[in-house]
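Enquirer: Residue numbers (this note's numbering): 52 to 303. Just so it is clear, CB atoms sit at the ideal spot from N, CA and C, and this is done for glycine as well.
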């Protein structure tokens, strides 16, 4: 059990007489990228927010790094990093100043330009957040979430609305975060993103987890049940054409 950093047991969330998370249970291993997939309204974001101590837990337990989330939410906030769907930051403040503020909130000191360089944002060090592009804001929100070196990093649909270059760059950043030994728990609507990044995925629907396994095993199981589809083998797709014609470099 020492390799388990997150243990969710019979987790529930209710709004009135409607149960939106229906007693789900799963575990996440240290250092893995774990994806939670599902259609809109499946309960993915609500699940993340309960684990992050941002939303009350109505039933069940969540242990994160051995800490009971419901009983000690303040301790949880010091060991996690969170990149929300729509990050918001103080206006008219330089990126370097914002990173120093976030670090100070955790009692840490950082080298903001080093953080920004890792996120391909060094040239924007003296810029304000409101002047950044969508991809730049996403990368800066990652930098801000990592200033205290969290044990677990949560990402809620991190590449929604990004262009192909920015999306692929963010994939590289996620893999770099894993290499640091940080556990990543993410939601996404992009199946190719989950297949590329995630060691394991949980597929949710209507507040329940339908299955948990590696992407490769889930595909094998589907084929083993006799699933077939028209086979069209292509060496490239339209996104590859787009990247080839416009380049892999970021257009921030």
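1. Rounded to the nearest angstrom, how far is the Cβ of residue 195 from that of residue 149, given a contact under 8 Å?
2. Counting only the same chain and skipping the five closest in sequence on each side, list residues whose C-beta sits under 7 Å from that of residue 77.
3. For residue 52, which of helix, strand or coil comes out of DSSP?
4. Counting C-beta neighbours from all protein chains within 10 Å, is the total for residue 52 16 or more, i.e. buried, or is it exposed?
5. Could you give the DSSP three-state label for residue 134: helix, strand or coil?
6. Less than 8 Å between C-beta atoms, sequence neighbours within five positions excluded: which residues of the same chain meet that for residue 178?
7. In this structure, does DSSP put residue 70 in helix, strand or coil?
8. Which of helix, strand or coil does DSSP assign to residue 178?
9. In chain order, what residues of the same chain lie with their CB nearer than 8 Å to the CB of residue 113, ignoring the 5 residues before and after it?
10. Quick one, which of 212, 89, 228, 133 has its alpha-carbon nearest residue 184's?
11. For a quick check, are the C-beta atoms of residue 285 and residue 215 less than 7 Å apart?
12. With DSSP as the reference, identify every bridge partner of residue 112, one or two as the case may be.
13. For residue 65, which beta-bridge partners are listed by DSSP?
14. Round the Cβ separation of residue 191 and residue 131 to the nearest angstrom and send it over; I've been treating them as touching at under 8 Å.
15. Give every residue of the same chain whose Cβ lies closer than 8 Å to the Cβ of residue 124, excluding the five residues on either side of it in the sequence, and list them in chain order.
16. To the nearest angstrom, how far is it from the Cα of residue 71 to the Cα of residue 96?
Expert: From the atom records:
1. Numbered from 1 along the chain shown, position 144 holds the residue referred to as residue 195. Numbered from 1 along the chain shown, position 98 holds the residue referred to as residue 149. The C-beta separation of residue 195 from residue 149 comes to about 7 Å, placing the pair in contact by the 8 Å criterion.
2. For this step, residue 77 is matched to residue 26 along the chain shown. For residue 77, where only same-chain residues beyond five positions count, the Cβ hits under 7 Å are 59, 253, 260, 263.
3. Counted from its first residue, the chain shown places residue 52 at position 1. With a pLDDT of only 48 at residue 52, under 50, the local geometry of the prediction cannot be trusted, and no value is derived from it.
4. Here residue 52 is taken as the residue at index 1 of the chain shown, counted from 1. For residue 52, the predicted structure reports a pLDDT of 48, less than 50, and the residue's modelled location is therefore unreliable. The matter cannot be settled from this model.
5. For the purposes of this step, residue 134 is taken as residue 83 along the chain shown, with counting starting at 1. Three-state result, residue 134: strand.
6. As a first step, residue 178 is located in the chain shown; it is residue number 127 there, counting from the start. The answer, listed in chain order, is 145, 146.
7. Position 19 of the chain shown, counted from the first residue, corresponds to residue 70. Of the three classes helix, strand and coil, the one that applies to residue 70 here is strand, per DSSP.
8. As a working note, residue 178 is residue 127 in the chain shown. Coil.
9. Taking the chain shown and counting its residues from 1, the one referred to as residue 113 is at position 62. The residues are 57, 58, 59, 60, 62, 101, 102, 119, 120, 121.
10. Indexing the chain shown from 1 puts residue 184 at position 133. Out of 212, 89, 228, 133, 212 has the C-alpha closest to the C-alpha of residue 184.
11. For this step, residue 285 is matched to residue 234 along the chain shown. For this step, residue 215 is matched to residue 164 along the chain shown. No Cβ-Cβ contact shorter than 7 Å links residue 285 with residue 215.
12. What you label residue 112 is simply residue 61 of the chain shown in a count that begins at 1. 60.
13. As a first step, residue 65 is located in the chain shown; it is residue number 14 there, counting from the start. Answer is 70, bridged to residue 65.
14. Within the chain shown, residue 191 is the residue found at index 140, counting from 1. Within the chain shown, residue 131 is the residue found at index 80, counting from 1. Taking the Cβ atoms as the reference, residue 191 lies roughly 18 Å from residue 131, outside the contact range of under 8 Å.
15. Along the chain shown, read from residue 1 onward, the residue named residue 124 stands at position 73. Within the same chain, and ignoring the five residues on either side of residue 124 in sequence, the residues whose Cβ sits closer than 8 Å to its Cβ are 104.
16. Here the question's residue 71 lines up with position 20 in the chain shown. Here the question's residue 96 lines up with position 45 in the chain shown. In a straight line, the C-alpha of residue 71 is about 11 Å away from that of residue 96.
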